[in-house]
Structures are given as structure tokens and as C-alpha cells.
Amino acid sequence: MTDCELVRRAQNGERRAFDQLILRHQPIALSLAIRIVGDRESGLELTQEAVLHAYLSLDRLRYSDSFRAWLCGITVNLCKNHLRRPRVETLSLELLSGGRSFDSLPFPDRAPQPHQAAEARETHRLILAAVEQLSPANRDAVLLYYFEQLSVREVAALLQISVPAVKGRLHKSRRKLRDQLRSIFADWQPRPAVSEQSRSNQMIPVTLLDIVVPDPEKEPRILILAEEGRRRLLAIWIGPHEADDIALNLLGKKVYRPMTFSFMASLLDKAGVLIESVMVSALEKDTFYATVHAQSGEGSFTIDARPSDAIALALRTRSPIFVAVEVMEAAAEKIPDHLEVGPQGQGLNDVLKAGRAVVSREEREKWESMSPEERSKESREKLLTHLTEAGCLTQSAEPADE
268 MTDCELVRRA QNGERRAFDQ LILRHQPIAL SLAIRIVGDR ESGLELTQEA
318 VLHAYLSLDR LRYSDSFRAW LCGITVNLCK NHLRRPRVET LSLELLSGGR
368 SFDSLPFPDR APQPHQAAEA RETHRLILAA VEQLSPANRD AVLLYYFEQL
418 SVREVAALLQ ISVPAVKGRL HKSRRKLRDQ LRSIFADWQP RPAVSEQSRS
468 NQMIPVTLLD IVVPDPEKEP RILILAEEGR RRLLAIWIGP HEADDIALNL
518 LGKKVYRPMT FSFMASLLDK AGVLIESVMV SALEKDTFYA TVHAQSGEGS
568 FTIDARPSDA IALALRTRSP IFVAVEVMEA AAEKIPDHLE VGPQGQGLND
618 VLKAGRAVVS REEREKWESM SPEERSKESR EKLLTHLTEA GCLTQSAEPA
668 DE
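Structural data, given as C-alpha cells:
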């Protein structure tokens with residue numbers, strides 16, 4: 268009797284049909300669990316728990332001929348939860364990007380808006396519907412590799428086929444899914460590499476003014492660049508590690524062993540590479556891009572980078588920092604006439620010490636009820652207040668000339 272027939276009978280309440288499914292597929296699930304957790308006893312317990320989960324949620328199995336892949340997926344998830352430590356350090360996409368525009372993230376944390384959740388659910392439904400159109404063999408490979416996050420070798424072991432066969436199934440599936448979904452998601456077009464994007468030759472010199480810690484219990488920081496004319500600021504969200512290194516550098520703190528950017532600067536120096544300048548060169552879909560201009564021997568070259576990395580390296584190598592004119596025009600904040608720029612780095616100590624302030628529930632609810640324009644206005648007011656309280660901006664004696 269095939270898996271499809273057994274699944275249908277089990278879903279209709281036949282216990283023996285489910286028992287036959289388990290007898291048929293539990294050994295491979297157990298082998299997988301033991302390999303993941305490295306302990307037979309724990310593997311047995313987790314496999315039994317996976318069987319219970321499968322029994323209780325059998326009515327939600329979408330593809331009756333994919334029971335083995337489904338059971339193994341449940342087992343993998345339970346094993347991952349078993350191995351997970353109480354505290355797992357994760358990196359969000361915002362932090363990995365290393366240079367988000369100021370408007371792209373709010374000061375307080377916020378939950379997804381209802382329309383965003385609805386769009387995510389609809390996208391998920393459309394993708395699953397496209398996956399359902401694949402052949403059973405290709406569908407199993409896609410579900411295990413992309414949805415259950417198994418490696419190619421693990422998928423090959425589960426499906427009892429070779430690694431090249433798994434790669435072939437995934438390649439065919441990607442091509443078919445791309446053709447099916449292209450008309451639905453018209454905006455899915457490959458983005459050109461940063462080095463291929465048009466760059467401006469016009470540059471504005473800037474200095475690093477400060478790093479703001481909006482919420483000490485959250486990781487993102489805000490890097491503040493000040494135009495040398497001192498009347499405009501560029502605010503960029505960056506990650507905590509780059510912020511820590513920048514703060515240590517500007518505060519003159521010494522560490523016993525070289526940190527990442529100190530090591531990079533020393534390595535470049537020994538290799539005879541001179542960092543001529545770095546530039547925040549582009550802003551695309553709320554993400555900043557940077558370029559590092561360097562010289563080696565008689566030749567010069569340019570490397571794309573995240574703004575956080577480029578600026579941290581520039582400080583270590585004492586290289587000038589620039590911002591492209593179009594980026595400054597698009598994203599800079601004008602300093603109000605009644606304020607002027609104060610000493611550099613007044614808020615840097617906050618980066619290197621744990622704070623106690625938290626965003627209250629009332630503040631979060633207020634933020635979620637605001638329109639995008641109101642949020643943008645409030646974030647800018649909070650930024651100016653923060654910089655003023657830190658001493659980076661001070662009351663000017665008289666209004667600045669326009």
C-alpha cells in the first residue's frame with residue numbers, strides 16, 4: 268500500500284494505517300535525530316515526540332505522498348530546539364546590511380503592521396501553491412532543502428538518492444518556480460552589483476560626529492556624520508560590533524589584542540596598501556552603500572563595502588570620509604537654526620556601557636498608531652533631542668545665516 272493511501276486512511280481515523288506509516292519511516296527519522304543530537308537516547312525521545320506531533324497534526328499534511336519528508340522535517344525542528352541554547356545571538360537583516368537609512372527603522376521596536384502581515388501570508392500562500400505544482404520527487408527536495416533547512420547531503424540521505432541528483436532536482440525546481448512566479452512578483456528582478464551602479468564623482472567631506480544608542484536594550488546604533496559646513500547631518504543605522512569599534516577608536520581606548528578593524532588596518536599597512544578615502548556612495552531602497560578607494564604601488568582600485576565597515580576602517584587608517592552629493596541631498600537632516608554642532612563624540616560612552624532605559628508599552632502603542640509621516644517627524648525630534656542632551660548640538664548664540 269502506498270504512502271498516499273495510508274495517509275488518507277490515517278486521516279480518516281484508521282490507527283493501523285498510521286502505525287504502518289511509522290513502522291515504514293521511523294527508522295530514517297531516528298537515524299537523522301541521532302546524527303543531529305549525537306546521542307541515541309535523546310534521539311529516541313525526540314523521534315517519539317516527532318511521531319506524536321505527526322499524529323496530532325496529520326490533518327494538516329498538505330501532500331499525502333510526502334509523509335517521510337514531513338516526518339523528518341518535524342524531527343529536524345525538534346532536534347534543533349533541543350540543541351538550542353537559552354540565549355542565541357542572532358543577526359538581523361538590518362544589522363547585517365550595516366547601513367540602513369534613518370527612516371527605515373524606528374527608534375522604538377514595533378510589531379509588523381496588519382497589512383504587512385497580510386502581505387506576508389499571501390506571499391507564503393502563493394509560493395506554497397507553486398511548490399505544490401512540482402512533481403512529488405522535486406517537491407520533497409524543495410521542502411527539505413528550503414523549508415526545513417537541511418543540507419544537500421542530508422536531503423540526499425533522506426531521499427536515498429545521490430547528491431548530484433538532489434542538486435539536479437533543486438535546479439529544475441528553481442527554474443520552474445521562477446517561471447511560475449515571475450508574472451506574480453513582477454518586481455523580482457536581479458539587482459545589479461553595487462560596483463555596477465552609477466556613482467557620483469561629486470563628494471562632500473564629512474566627519475563622524477557621534478553614535479546614538481536609541482534603546483540600550485536593543486542592538487542597532489545610529490552613526491551620525493556631519494557635513495563640514497556643519498549645517499547638515501547624515502544618520503545611518505549600523506550594528507553594535509562596528510559601533511563598539513568606532514567608539515573605542517574615538518575615545519582612545521586601548522585593548523590587549525587588536526580588534527577586527529585594527530587588524531585589517533595593520534594588514535593593509537604591511538601589504539603596502541594605502542586607503543585614500545571612503546565614501547557613502549549610494550542609497551537604494553533604504554540601504555546605504557559605500558566604496559573604499561585604495562592605492563597599491565602605482566595602481567588604484569575601488570572596493571564596495573558596508574558604510575559601517577568602511578567608516579570604521581577609515582578611522583583606523585586616518586583616511587578622509589566623504590558622502591556623495593545625491594546621497595546627502597536625499598537623506599541628510601538640516602540642523603535647526605537654533606542649534607549648532609558641539610564637540611565630537613559626546614555620546615560615545617553610552618555605546619560601551621549597558622543602559623537601563625526601556626521603551627514602555629505606552630510608547631510602543633503610540634508609535635504603532637502613528638502614520639509614517641508622524642513617525643518620521645517624531646524620530647527626527649528624538650534624534651535632535653538626544654544629540655542636544657549629549658552635547659553634540661548646543662544652543663547657538665544667534666540664528667545661523669541661511
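Position in the sequence shown (first residue = 1) + 267 = the numbering used here.
Glycine residues also receive a C-beta, built at the ideal position from the N, C-alpha and C atoms.
D326 classed as buried or exposed, judged by whether at least 16 other C-beta atoms fall within 10 angstroms: By the 10 Å Cβ count, D326 comes out exposed.
If I follow the unbroken alpha helix (DSSP H) through S575, where does it start and stop? Residues P574 to T584.
According to DSSP, simplified to helix, strand and coil, what is G539? Coil.
With contact counted as at least three CB pairs below 8 Å, one residue from each stretch, are the segment 641 to 652 and the segment 597 to 608 in contact? The segment 641 to 652, when compared against the segment 597 to 608, does touch it at the 8 Å Cβ threshold.
Give the straight-line distance between the Cα atoms of R276 and P431, rounded to the nearest whole angstrom. One C-alpha to the other measures close to 35 Å.
Quick one: Cα of N344 to Cα of R335, how far? Those two C-alpha atoms are separated by around 14 Å.
Taking L437 and A408 to be in contact with their CB atoms under 8 Å, please state how far apart those CB atoms are, rounded to whole angstroms. Contact holds; Cβ gap of about 6 Å.
Could you have a look at R676 and say whether DSSP puts it in helix, strand or coil? Any question about residue 676 goes unanswered here, given that the chain covers just 268 to 669.
Measuring CB to CB, does A321 end up less than 7 Å from I341? Yes; because the gap between Cβ atoms is below 7 Å, this pair is in contact.
Could you say if the segment 532 to 543 and the segment 581 to 594 meet the contact criterion of at least three C-beta pairs nearer than 8 Å? Taking 8 Å as the limit for Cβ pairs, the verdict is that the segment 581 to 594 does touch the segment 532 to 543.
Helix, strand or coil: how does DSSP classify M268 here? When secondary structure is reduced to three states using DSSP, M268 falls in the coil class, being assigned neither helix nor strand.
Taking one C-beta from the segment 394 to 408 and one from the segment 420 to 435 each time, how about it: are there three or more such pairs within less than 8 Å? Between the segment 394 to 408 and the segment 420 to 435, the count of C-beta pairs closer than 8 Å reaches three or more; the two stretches touch.
Ordered along the chain, which non-local residues of its own chain (more than five positions away) have a Cβ less than 7 Å from that of L541? So the qualifying residues of the chain are A561 and Q562.
Cβ neighbours of A532 in the same chain (closer than 6 Å, five flanking residues each side left out): For A532, where only same-chain residues beyond five positions count, the Cβ hits under 6 Å are R583 and T584.
Can you tell which of V422, S548, P639 and G658 has the C-alpha that lies nearest to the C-alpha of V594? Checked all of V422, S548, P639 and G658; the closest Cα to V594 is S548.
Locate the alpha helix (DSSP H) running through R335, then write down its first and last residues. Run containing R335: F334 to L350, per the alpha helix (DSSP H) assignment.
Among residues of its own chain, excluding the 5 on either side of P403, which ones have a beta-carbon nearer than 6 Å to its beta-carbon? Here the set comprises D332.
Residue environment, E509, which counts as buried when at least 16 other CB atoms sit within 10 Å: The residue is buried, with at least 16 neighbouring Cβ atoms inside 10 Å.
Measure the alpha-carbon distance for E640 versus R647 and round it to whole angstroms. CA-CA distance, E640 to R647, rounds to 11 Å.
Within 7 Å, strictly: CB atoms of V545 and A577: In terms of Cβ geometry, V545 and A577 form a close pair [threshold 7 Å].
The alpha helix (DSSP H) that contains E509, what's its start and end? It spans P507 to L518 - the alpha helix (DSSP H) in which E509 sits, taken as one unbroken run.
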